[in-house]
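Notes follow the structure.
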Amino acid sequence: MIYAKTAHELHQLLIKGEISSKEVVSAVLERIDGVETDINAYITINEEALAQAERADRMIRDGKATPLTGIPVAVKDNMSTKGIRTTCASNMLKDYVPPYNATAVEKLIEAGAIIIGKTNLDEFAMGSSCENSAFKQTKNPWDLSKVPGGSSGGSAAAVAAGEAIMALGSDTGGSIRQPAAFTGVVGLKPTYGRVSRYGLVAFASSLDQIGPFARDVEDAANLLSVISGHDPLDSTSIPGKESDFSLDGASVKGLRVGIPKEFMTEGLDPVIRDAINRAAQLLEDEGASVKECSLPHSEYALSAYYIIAPAEASSNLARFDGVRYGLRVSGDNHTDMFIRSRQEGFGPEVKRRIMLGTYALSAGYYDAYYKKALQVRNLIKQDFDHVFADFDVILSPTTPSVAFGLGEKVDDPLSMYLSDVYTIPVNMAGLPGLSLPFGFNNGLPIGVQLIGGLWQERKLLQVGKVLEQATGYVPVVPERGDR
Ligand code: GLN
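With our numbering applied, the sequence shown covers 145 to 627.
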């Protein structure tokens, strides 16, 4: 099945001329036709995908193929795509067609990748289940009664279901890794500053980072190579960092692996705990040493995140006022117009975050909440610094449980927020985190997370590759929906 292959497998077939990009894209579009009514991964399919495939086929014939040339890649619908609607799954932007590409998207196009479509998300990337989308509910391809995770649930589900070969997501507190874990694909949140955020609609600017979804570690590494690098258009993108993530000679011999004891407590589903222990055993078998480590302030990460992220969001989202950006609903006077536009444009979770953030930043409470949260953020970062003085990588759960049921947590935002307890500290410290598929429980995928020091993506990917090999991992796409 073409749609179930990895990009590196397809690349071999493409450069040998055994298949054309047009055939790959057609196979994926057909798969979308077959399963999309069940999965709802996409908000928009790119009408130009086949035309882009023709261009890719010319690149291949001219000997200019990159590992991504001719490969269908899905893009989360909070990244600007020139001429293709970019909605952030919000009524606020339901008709917005950007005049430019996000840098990450531009880099994909330069590499000859095919932008196959724009994927569903929680509105403005706020959520953990795709249930906050204003348009549709994406389902978990492994079990349609479960959520795919979020906020990049559409991208994760598209890759898992064979509706794309790879995808881009964004991760502010876990939105790549958590859905990757829930849908059984590889997801990587890069070091803050590795990938340009230019053209990514901002949620919480000090935390947001674009990263890859893929079927295996090699594909994730190749996709990361393409999208990373300094961009003068994003002042937080860092120059002078390597973007070669080759996995040659990957080994964990002598590697010091830490498992944070604070992550292995009662809140963790025993099924996930077992997976972590098995992963630890495999790494030891391969020559690593595994020991307990400690992140004492991680228990405050969630609380601090839910001050900092909403604070930044309240400021970033101020531009959607019916004048400068977004939906305009007319009113009796201009204030009334602002109010109606924001009332109708934003959904309940986005409003909740704006209210939280505005409150935390208000003059009387700034020190008590926002400043305090920044101090906590610093302590969390220091915890990681201490750990990485003695360890090379951290092994941890990605999520406390496997995918939960649709509707199960919608009325309880706090329990929804908890699904990011193991991913949020990583964003708070700006570190890279990789979620890897690690088996199934009752038909639902389990993810394990590897966390590295700043700029240690290559090491993470190499450890990931070793784990993949040690488990004999073969990417699988569910049969479902082939009708
Ligand atoms: N689920 C978290 C939130 O709702 C993280 C979202 C994200 O990483 N974009 O804020």
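For each residue, glycine too, the CB sits at the ideal point set by N, CA and C.
Quantities reported herein were computed from a predicted structural model and do not represent experimental measurements.
Notebook entry, point to check: Can you tell which of LYS208, LYS166, TYR450 and ALA533 has the C-alpha that lies nearest to the C-alpha of ALA348?
Noted result: TYR450
Checklist line | Residues near ILE371 by beta carbon distance below 6 Å, same chain, minus five either side | finding: The answer, listed in chain order, is ALA248, LYS251 and VAL339.
Item checked: Given 8 Å, three or more beta-carbon pairs between the stretch 369-388 and the stretch 265-278 -> no
Next item on the list: Please confirm whether any heavy atom of the ligand GLN lies closer than 7 Å to the CB of ASP564.
Entry: yes
Note to self: I need the DSSP call for GLN281, collapsed to helix, strand or coil.
What the structure shows: coil
Notebook entry, point to check: Which residues in the same chain have their Cβ closer than 8 Å to the Cβ of ILE420, if we skip the five residues on either side of it in sequence?
Noted result: ILE403, MET408, LEU539, SER540, PRO541 and VAL592
Next item on the list: May I have the straight-line CA-CA distance separating ASP534 from LEU604, to the nearest angstrom?
Entry: 16 Å
Notebook entry, point to check: Would the beta-carbon of VAL217 fall within 8 Å of that of ALA308?
Noted result: yes
Check: Is the closest heavy atom of the ligand GLN to the C-beta of SER314 under 7 Å?
Finding: yes
Next item on the list: Compare the Cα-Cα distances from THR198 to each of VAL241, ASN245 and ILE258 and report the closest residue.
Entry: It is worth fixing the name first, because residue 198 is Glu in this sequence and not Thr. Shortest Cα-Cα distance from GLU198 to any of VAL241, ASN245 and ILE258 involves ILE258.
Margin query: What would DSSP say about MET145, mapped onto helix, strand or coil?
Written below: coil
Check: If we count the other Cβ atoms within 10 Å of its Cβ and call it buried at 16 or more, is MET236 buried or exposed?
Finding: Buried.
Check: If ALA358 sits next to VAL329, beta carbons under 8 Å apart, how far is it from one beta carbon to the other, in whole angstroms?
Finding: So it is a contact: roughly 7 Å between Cβ atoms.
Checklist line | Integer Cβ distance of PRO581 from PRO334, believed to fall under 8 Å | finding: About 19 Å separates the two Cβ atoms, so there is no contact after all.
Next item on the list: Pull up the distance between the alpha-carbon of GLN613 and that of PRO619, whole angstroms please.
Entry: 12 Å
Notebook entry, point to check: Measuring from the CB of GLY501, is there a heavy atom of the ligand GLN at a distance below 7 Å?
Noted result: no
Checklist line | Heavy atom of the ligand GLN within 7 Å of MET572 beta-carbon | finding: no
Note to self: My output table needs one value for GLU250: the three-state DSSP class, helix, strand or coil.
What the structure shows: helix
Notebook entry, point to check: For the ligand NAD, any of its heavy atoms closer than 7 Å to the Cβ of ALA269?
Noted result: This structure lacks the ligand NAD; its bound ligands are the ligand GLN.
Notebook entry, point to check: If you count every other CB in all the chains shown that lies within 10 Å of the CB of ARG463, and 16 or more means buried, which is it?
Noted result: Exposed: under 16 other Cβ atoms inside 10 Å.
Check: With a CB to CB cut of under 8 Å and the five nearest residues on each side skipped, what residues in its chain are close to LYS405?
Finding: Counting only Cβ-Cβ distances below 8 Å, and skipping sequence neighbours, we find GLU436, CYS437 and SER438.
Check: Do you know whose CA, among ASN276, PRO243 and ASP287, lies nearest ASN126's CA?
Finding: Shown here, the chain extends from 145 to 627; a query on residue 126 therefore has no answer.
Checklist line | Reference THR210, options SER273, GLN156, ASN245 and TYR336, closest by Cα | finding: GLN156
Checklist line | Same chain only: Cβ atoms within 7 Å of GLY587, ignoring 5 sequence neighbours per side | finding: TRP286 and ASP287
Notebook entry, point to check: Mind checking GLN519: buried by the 16 CB within 10 Å criterion, or exposed?
Noted result: exposed
Notebook entry, point to check: Among all the DSSP beta bridges, which residues are the ones paired with ALA218?
Noted result: GLY261 and ALA311
Item checked: Near the ligand GLN: SER319 beta-carbon under 7 Å from a heavy atom -> yes
Margin query: Judging by CA-CA distance, which residue of ASP564, PHE326 and ASP529 is the nearest neighbour of ALA573?
Written below: ASP529
Note to self: For the stretch 292-307 against the stretch 183-195, do three or more pairs of beta-carbon atoms, one drawn from each stretch, fall closer than 8 Å, so that the two count as touching?
What the structure shows: yes
Checklist line | Exposed unless 16 or more other CB atoms sit within 10 angstroms - verdict on ALA193 | finding: The residue in question, ALA193, is buried, as its Cβ has 16 or more Cβ neighbours within 10 Å.
Next item on the list: Flag this pair as yes or no: are the beta carbons of ALA311 and VAL179 separated by less than 8 Å?
Entry: no
Notebook entry, point to check: Is there at least one non-hydrogen atom of the ligand GLN closer than 7 Å to the beta-carbon of ALA517?
Noted result: no
Notebook entry, point to check: Using CA coordinates, which residue listed in GLU162, VAL345 and GLU428 is at the minimum distance from LEU461?
Noted result: VAL345
Check: Taking the runs of the beta strand (DSSP E) that are 3 residues or longer, which of them lie wholly in the stretch 325-375?
Finding: Runs of the beta strand (DSSP E) inside the stretch 325-375: 330-333 and 353-358.
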